[in-house]
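Residue numbers (this note's numbering): -18 to 71.
Some notes on the structure that comes next.
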């Protein structure tokens, strides 16, 4: 996957309250160039994501694992069946 590297990158810190404690979470913002508008105005895209730390790596892995398990265990099919059943009742 060859893509152009971002033309700019920033760290962004967000202060959150978690279980009554203040916590700073670091995000990475990458700026990518796009094709200009027909009017000549510049276009750019942002890629915003939490910075990778040991904690966020574990959180991402758990999230991915939960999503995979949900689909593998038929969670999507169960939700669709519930929606179809509720729409028939109405």
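Where a beta carbon is used, it is the ideal one built from N, C-alpha and C, also for glycine.
Excluding the 5 residues flanking residue i on each side, which residues of the same chain have their C-beta closer than 7 Å to its C-beta?
i          : result
residue 15 : 24, 25, 26
Using C-beta distances below 6 Å, list every residue in its chain close to residue i, excluding the 5 sequence neighbours before and after it, in chain order.
i         : result
residue 4 : -3
For the beta strand (DSSP E) that contains residue i, what are its first and last residues?
i          : result
residue 15 : 2 to 15
residue 27 : 24 to 31
residue -2 : -11 to -1
Look at residue i and residue j and say whether their C-beta atoms are less than 8 Å apart.
i          : j          : result
residue 8  : residue 31 : yes
residue 11 : residue 41 : no
residue 13 : residue -8 : no
Please list the terminal residues of the continuous alpha helix (DSSP H) segment that includes residue i.
i          : result
residue 67 : 56 to 70
residue 35 : 35 to 53
Compare the Cα-Cα distances from residue i to each of the options and report the closest residue.
i          : options        : result
residue -6 : 57, 6, -15, 20 : 6
Please confirm whether residue i has its beta-carbon closer than 8 Å to some beta-carbon of chain C.
i          : result
residue 31 : The structure shown contains no chain C; it is built from a single protein chain.
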